[in-house]
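Residue numbers for the sequence shown follow my numbering, so the first one is 54 and each next one is one higher.
Just so it is clear, CB atoms sit at the ideal spot from N, CA and C, and this is done for glycine as well.
Since the model is a prediction, treat every value here as computed from it, not as a measurement.
Accompanying notes for the structure given below.
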Amino acid sequence: MLLFYIFYYVLSTALLFQGLHIASEVTDPLGTVPEEVGQTPNSSLGWGSFLVAYGTLCIVIALLSHAYEYFVSALRPLMGIGLAVLAVFGAWVVFKGRTVKYLGEAATDPGHHGHLGHSDDAHA
């Protein structure tokens, strides 16, 4: 049971910290991704609030389970739901949470055609 508690607390704190991170990125971005990659603020705040609440609930239930055996039976379903929530959240981050906004400027000079070491003027 001790090994289960270790994984349970790791999952619960991961949910809590992921929620804190995604919710705080809305108002105070860390700048770890380029400016072109934006996030949807309402969805990010909703996911962050949910993850913080669920992670906190899981930690409180686990702490209560040390004192009251009544709460021990709730740990396995909460962990299963927590793993599912983490998987869905991960899929959301990868596929929906981040969007690329093109700035409208070309990444290279329009006169550059990809020739190695040759310019268009040299051939004229």
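**Asked** Quick one, which of 101, 58, 73, 66 has its alpha-carbon nearest residue 145's?
**Response** When only C-alpha atoms are compared, the closest one is 101.
**Asked** Taking all protein chains shown into account, do 16 or more other C-beta atoms lie within 10 angstroms of the C-beta of residue 123, making it buried, or fewer, making it exposed?
**Response** Residue environment: residue 123 is assigned as exposed (fewer than 16 neighbouring CB atoms within 10 Å of its CB, all protein chains considered).
**Asked** Between residue 58 and residue 115, what straight-line distance do the alpha-carbon atoms span, to the nearest angstrom?
**Response** C-alpha separation (whole angstroms): 8 Å.
**Asked** When the distance is taken between beta carbons, is residue 150 closer than 8 Å to residue 93?
**Response** Closer than 8 Å, so yes.
**Asked** In chain order, what residues of the same chain have a beta carbon less than 8 Å from the beta carbon of residue 62, not counting five sequence neighbours either side?
**Response** Once the five neighbours on either side are set aside, the close Cβ partners of residue 62 are 112, 115.
**Prompt:** Are there 16 or more other CB atoms within 10 angstroms of the CB of residue 136, so buried, or fewer, so exposed?
**Reply:** The residue in question, residue 136, is exposed, as its Cβ has fewer than 16 Cβ neighbours within 10 Å.
**Message:** Please tell me whether residue 103 and residue 133 are closer than 8 Å, where the distance is taken between their beta carbons.
**Reply:** No. Outside cutoff.
**Prompt:** Within this structure, are the beta carbons of residue 139 and residue 67 separated by less than 8 Å?
**Reply:** A distance below 8 Å separates the beta carbons of residue 139 and residue 67.
**Request:** Out of 65, 77, 55, state which residue places its alpha-carbon closest to the alpha-carbon of residue 108.
**Result:** If we check each option's Cα against that of residue 108, 65 comes out closest.
**Request:** Could you check the C-alpha separation between residue 117 and residue 129 for me, to the nearest Å?
**Result:** Rounded to the nearest whole angstrom, the CA to CA distance from residue 117 to residue 129 is 14 Å.
**Item:** Buried or exposed (CB count within 10 angstroms, at least 16 for buried), residue 148
**Value:** Exposed.
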